[in-house]
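What follows is one structure encoded as structure tokens, with my remarks underneath.
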Amino acid sequence: MNILITGAAGKIGRDLSHYLSEAFHLRITDLDIERLNEYQDTRHEIMALDVTEPEACQKACEGVDVVVHLAGDPSPHAGFYESLLDINIKGTFNMFRAAKDQGVRRVILASSAQTIEGYPIDAQIYPDMPTQPRNLYGVSKCFGESLASYFAYTEGLQSVAIRIGAYDDFQPDGPPLEARDMSAYISPADLCDLVYKAITTKELEPFTILHGISNNRFKRLNLESTQKQIGYDPKSDAFALSQISLYDTPR
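Here my numbering is used: the first residue of the sequence shown is 21, the next is one more, and so on.
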């Protein structure tokens, strides 16, 4: 299976590329190709890709089975005209358009828990609840989810949106996580497993929203449908990593 990864030089992209490199043939792309030098002598392809260029996206998708679209400005403080419009909105459209035109079987979109961050902090979110972003970055990811749904149901391109939570935010020697970040935490191992299963699960709906958090004691995003649809079995727990003792019965 040939897998295209956009934004492969980013924090998630690097971890995911290494994880998937044993199982698939990868076309690893980023705007800054020099950051991908470790793949120069491997069987995998590396390619400079500016997702704001439609023709470049078309070329990148040639001969690809699955696209994992990670490229974008990940900052919750990103400005609309400064980056979100070109990279997160136009760039995401360019990749979906190219994937459909080039016969790609499935697109996996890196969405975000920011799509629902406007809900109260103690609310647990299910995939069928309306989006409620709190910043323009979240708005751009809501656009991505809507675009994925359009391409799935109107143009027949199977699409998966993964709402990624607080990726790899826990550091043993770092500052303690806030309660929200613990409830939305996802470890690198869990996210890589989630994406792998999103790639390999054969039977999926035309458009699927998956929740990307670990098995935290308290969960910002409900995992029941994600576990049922692709067999996701997360292992990490931010509360345990933070050594917060919680007891179900009196001691």
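Cβ coordinates follow ideal geometry from the N, Cα and C atoms, glycine included. Computed from a predicted structure; not experimentally measured.
Query raised in the report: Residue range of the alpha helix (DSSP H) that Glu-75 falls in?
Result: 74-80
**Report entry** Identity of the residues DSSP links to Val-124 by a beta bridge
**Finding:** Its beta-bridge partners do not exist; DSSP assigns none.
Report task. Grab the span of the alpha helix (DSSP H) containing Met-67 for me, first residue to last. Result -> Met-67 -> not in any alpha helix (DSSP H); beta strand (DSSP E) instead, spanning 65-68.
Query - Residues near Phe-171 by beta carbon distance below 7 Å, same chain, minus five either side - result: Phe-116, Lys-120, Leu-177 and Ser-179
Report task. Find out if the Cβ-Cβ distance for the pair Ser-234, Ser-207 is shorter than 9 Å. Result -> yes
Query raised in the report: Since Leu-24 is in the beta strand (DSSP E), which residue starts that stretch and which ends it?
Result: 22-26
Query raised in the report: Using a Cβ-Cβ cut-off of 6 Å (strictly less than) and excluding sequence neighbours within five positions of Glu-75, which residues of its own chain qualify?
Result: none
Query raised in the report: Going along the chain, which residues of its own chain have a beta-carbon closer than 7 Å to the beta-carbon of Thr-135, five neighbours each way excluded?
Result: Thr-151, Pro-153, Gly-158, Lys-161, Cys-162, Glu-165 and Arg-183
Report task. Output yes or no for whether 9 Å exceeds the beta carbon distance between Met-67 and Thr-49. Result -> yes
Query raised in the report: Taking the C-alpha atoms as reference points, what is the distance between Arg-126 and Ala-260?
Result: 35 Å
Report task. Quickly, what does DSSP pair Ile-145 with across the bridge? List them, please. Result -> Leu-241
Query - Contact under 9 Å by Cβ, Gly-185 with Ala-199 - result: no
Requested in this report: For the alpha helix (DSSP H) containing Ser-160, list its first residue and its last residue.
Outcome: 156-173
Requested in this report: Could you work out which residue in Asp-148, Leu-105, Pro-226 and Asp-193 is closest to Thr-174 when comparing CA atoms only?
Outcome: Pro-226
Query raised in the report: With a cut-off of 8 Å, do at least 3 Cβ pairs link the segment 240-254 to the segment 138-149?
Result: yes
Query raised in the report: By DSSP, does Leu-46 sit in helix, in strand, or in coil?
Result: strand
Query raised in the report: So the alpha helix (DSSP H) Leu-230 belongs to, where does it begin and stop?
Result: First-last for Leu-230: 227-232, but that is the beta strand (DSSP E), not the alpha helix (DSSP H).
Report task. Pick helix, strand or coil for Val-84, following the three-state DSSP scheme. Result -> coil
Query raised in the report: Can the beta-carbon of Leu-214 be found closer than 9 Å to that of Tyr-187?
Result: no
Query raised in the report: Excluding sequence positions up to five away, which residues of its chain have a Cβ less than 7 Å from the Cβ of Gln-78?
Result: Ala-118, Asp-121 and Gln-122
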